[in-house]
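Residue numbers (the working numbering): 26 to 173. Where a beta carbon is used, it is the ideal one built from N, C-alpha and C, also for glycine. Shown next, in structure tokens, is the structure this report addresses.
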Amino acid sequence: MVGQTEIGELRRGRRWMIASAVGVAGLMGLSIVVDEPVNERDDLVLTGSEVTGHGSGAAVWRGVLSNVSRQSCRDLAVDIRFLDRDGALVGELSARASRLEAGGRFDLEAALPEGAVSLQVYALRWRTHDASIELEPLRPQPLARVAA
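Written out as structure tokens, the structure is:
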């Protein structure tokens with residue numbers, strides 16, 4: 026009888042240990058999913074930027090926002106600020122698109138404000154099938170030279 030009691034207690038202890046191991050493994054798997062970084066931050070890129078002269082003598086800025094990811098995005102919103110030499114705001118461009126396919130491009134155009142020497146992607150927001158992304162303002166970059 027003494028041997029039977031010891032074996033029964035060992036079995037109960039082993040069941041608890043196995044259940045604990047399964048529970049810990051489940052929690053570890055969950056933490057891997059939760060801690061996975063969002064890689065979508067680099068999916069939309071300003072791939073083109075040029076300043077051209079217009080027939081009326083005014084300068085026009087044209088840019089291209091490209092979706093370099095393998096998935097489409099939706100509810101795209103971009104706000105671009107044009108800045109003067111001192112970094113002060115001299116003009117803005119806001120554009121929206123309901124959908125941008127993978128590998129697609131979103132053409133942007135604005136009359137270039139007087140005194141603008143740089144641009145800043147001030148806000149960029151979009152959604153994928155599993156994430157909502159909003160980037161903080163990017164560093165200002167100089168405007169391209171005027172093309173004839």
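For residue 132, the enclosing beta strand (DSSP E) begins and ends at 130–136.
Per DSSP, residue 82 is not a residue of any beta strand (DSSP E), being assigned neither H nor E.
Judged by their CB atoms, residue 141 and residue 112 are not nearer to each other than the 8 Å cut-off. In the structure shown, the three-state DSSP call for residue 111 is coil. Under the three-state reduction of DSSP output, residue 68 falls in the coil class, being neither helix nor strand. For residue 97, there is no enclosing beta strand (DSSP E), as DSSP marks it with neither H nor E. Inter-residue distance for residue 93 and residue 135 is about 23 Å (C-alpha atoms, whole angstroms). In its chain, beyond the 5 residues on either side, 143 have a beta carbon closer than 6 Å to the beta carbon of residue 167. If you check the CB distance, residue 120 and residue 103 come in under 8 Å. Cβ-Cβ separation between residue 73 and residue 89: approximately 3 Å, consistent with a contact (criterion under 8 Å).
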